[in-house]
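The numbering of the sequence shown is my numbering, which starts it at 19 and goes up by one.
Following: one structure in structure tokens, then a few remarks.
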Amino acid sequence: MTEIADYKQAFIRNNWYAAAWRREIDTRPLARTILGERLALFPTKEGGIGALKDQCPHRLAPLSMGECIDGGLRCGYHGLLFNASGACINVPGQDFIPTTAKVKSYPVRERLGLVWVWMGDAEPDESRLPSIPQHGEPGWALLQDGYQHHAANYRIEIENLMDPAHTTYLHKQTIGNPAAKDVPVQVERNERSISAFRWMERTPPSPFDKQSRDFGDGLVDRMVSFSFELPGVSFVEVCSMPTGLDKTEDNKNLGLRTLSYKFLTPEDERHTHFFWLHLRNHRLDDTAYEQQLRAGLEKTYVEDNQVASAIQIEQERCGKRQFTGLKIDHAPTMALRLLDTMIADEQATAVA
Ligand SMILES: [Fe+2]
């Protein structure tokens, strides 16, 4: 039995977290809370993005209530102007700028159409920014700008995303496959990631697959792979390919392949920012299909949030996370154990 008190407030800080889609930051500052810290994101005059603590050091007014002007972010209360480094560069009504007139700034990068913020005190590690080889490549269509606000601790979300078994029951209308419940899951662990996958040989295509291609009465070999790069990147690959072929990359591309990414950013201990994007190798220019696909994915993630947020409430009500263990918990449990190890390592390093 696991107590929920064990994991409250436990976040990995030295990490790039998805903070916003780039298109969300236009001419107005954007307020976003990450790991319980309130940030103001704003466009810089150089065309980049600044991320500051959302609190003017004068009267603590949220800087996100101000405006993007004069090359910085100007507080909406008394007009103090801050640059992307958090330095105050103008105080209306006086020439002298107090040394205490400064605000915490966060390192920012742009990648995959998203704005990423480094939340820790250690030097930002560029190698830890997510990359997707197929992103922007010919032969792949991209669905992006996906966002949902989920009312659950990110650990509940990790368990959900590392758990192929739930799709049979929770997502009957979309990605669920009735055959899935009987198929074993193989699990692999790497330094910062866990993968769970399975091949289902000679199985009926899913409802999604049938919408995408006419398989007739035929069967497919279908792979579902769930990976999680801790603490926040989920990657789900689904491939339905002709039966009987070797499982090479080229042969997989003969079938229907989808690559589904979710970027989880803890807002606080009870809420998670859920960014998503989706790549596919079929029906590349089919707008109607794309709308249908987006709606189906949104529905799937709404279903996940419905159960995750209900679990969050129930865990808080009784103070427990789980009363029994099952075989299907293998991958989610490995993921959370690895997360705990990473958090402990980071905290030990910070103390040393
Ligand atoms: Fe799900």
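Glycine is no exception: its CB is placed at the ideal position from the N, C-alpha and C atoms.
query, result
"One or two residues paired with residue 61 in a DSSP bridge", "67"
"Continuous beta strand (DSSP E) stretch holding residue 333: start and end", "It is not in any beta strand (DSSP E) - residue 333 instead sits in the alpha helix (DSSP H) that spans 305 to 336."
"Through-space distance from residue 59 to residue 83, alpha-carbon basis", "11 Å"
"Buried versus exposed call for residue 167 [16 or more other C-beta atoms within 10 Å across all chains shown]", "exposed"
"Any non-hydrogen atom of ligand 1 closer than 8 Å to residue 347 Cβ", "no"
"Sub-9 Å separation of residue 161 and residue 312 beta-carbons", "yes"
"Cβ-heavy atom distance, residue 282 to ligand 1, below 8 Å", "no"
"Closest by C-alpha distance to residue 348, when choosing among 68, 279, 261, 203", "203"
"As assigned by DSSP and simplified to three states, the class of residue 219", "strand"
"8 Å contact criterion, which residue 248 and residue 353 should meet: CB distance rounded", "7 Å"
"Neighbourhood of residue 154 by C-beta, 7 Å cutoff - its chain only, sequence neighbours within 5 removed", "none"
"Cβ separation of residue 65 and residue 126, assumed to be a contact under 8 Å, to the nearest whole Å", "The Cβ separation is near 12 Å, so there is no contact."
"Residue 345, buried or exposed, once every other Cβ within 10 Å from all chains shown has been counted against 16", "exposed"
"heavy atom of ligand 1 below 8 Å from residue 321 C-beta", "yes"
"Residues near residue 105 in its chain [Cβ-Cβ closer than 6 Å; skip 5 each side]", "120"
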